[in-house]
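Numbered according to the numbering used here, the sequence shown spans residues 3 to 213.
Just so it is clear, CB atoms sit at the ideal spot from N, CA and C, and this is done for glycine as well.
Owing to the predicted nature of the structure, the values given are computational and were not obtained by experimental measurement.
The structure appears right after this line, and notes come after that.
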Amino acid sequence: MNKFIKLLILISTLFILCCKGYKVTIEPTNDTQRYSRAKRDIDDLHKETDKEIKEKIITLSNDEKKKFNSLKHAFNQVIEKLQDQIGGCQNGNKSKCDNFWSWIDGDPQKQKELANAFTTAYDFLEKKRNEKDNGKNFDQYISEALECKNSDGNGKYGGAGTNQIEQFFRGILNDMSTDPNNDKMFARLKDELLCTENSSKHLDGLTSNWQ
C-alpha cells in the first residue's frame, strides 16, 4: 500500500512539473559550441555582398594586369588629348568617360574580361612596336602615336600615311561614349576588342590596313 502511495505521489509531482513548463537544461558541450561558432561564421559569410566575394576570389595574372593597364592608359590618353573628337565626352561631359574607368576599377572580373579581349590588338601593336620603335615600351609607343594624331610619314603608327593606332582607340571610345550607361559601354568595348558581329570592326581596320 505504501509503495502504491509513493508511486502515486511521484507521478503527481512529475505531472505538475510538466504542466508548469519546467524543462531540463543541458549544458553545451565543446562540440556544440564549435558548431555554433561555425554556423555563425557561415551566416556572416552569406551576408557579404557579391562584389566582396568576387574581389576575394578573382585575381588577374601579371599578363592580364599588364594588358588591362595598357588598355586603360591608352583610353585615358585619348580622353585627355582627343576629347573634342569623342562625341559622348564633349561639351563638359568628360566625366562620362572618366567615370566608366572608375567603375571598371572596382570590378576585377570585368578587368579580366577586358584584358583577355584586348589580347589580339595588344599582340599586334606590340609586334609593330618591336618593328618600328623598340626603344620605347608599349605605353610610351601608344602615347606618342596619340600625341602625333596624324601619320609621322614613315609608317611608324600605320600604313599608307595614316595613324592606325589613333584611329583604333579614338574610334572605339567614340562609339562607346554614345551608349547610355556603364554596362552598355562595357559591352560595346568588349565587342570592339573581340571584333564581334555587333562591332564596328575597328580591330579589322587596324590589322588589315597596316601590313
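Boundaries of the alpha helix (DSSP H) harbouring glycine 173: 166-179, taken from the DSSP string. Taking a cut-off of 8 Å on C-beta distances, the region 117-125 touches the region 193-200, as three or more cross pairs fall below it. The beta carbon of phenylalanine 102 lies closer than 6 Å to those of Asn184, Met187 in the same chain, with the five residues before and after it left out.
Distance from the Cα of threonine 180 is smallest, within the candidate group Leu208, Gln87, Arg39, for Gln87.
Here glycine 160 is buried. Its C-beta has 16 or more other C-beta atoms within 10 Å. Looking at the backbone, the Cα of glycine 163 and that of asparagine 152 are separated by about 8 Å. For leucine 195, the three-state secondary structure derived from DSSP is helix.
In the structure shown, the three-state DSSP call for leucine 84 is coil.
Under the three-state reduction of DSSP, aspartate 100 is assigned to helix. Around the beta carbon of glutamine 79, 16 or more other beta carbons lie within 10 angstroms, which makes this residue buried. With a beta-carbon spacing of about 22 Å, phenylalanine 170 and glycine 137 fall beyond the 8 Å limit used to define contacts. Spatial neighbours of lysine 192 in its own chain (CB-CB distance under 6 Å, excluding positions within 5 residues in sequence) are listed in chain order as Ala119.
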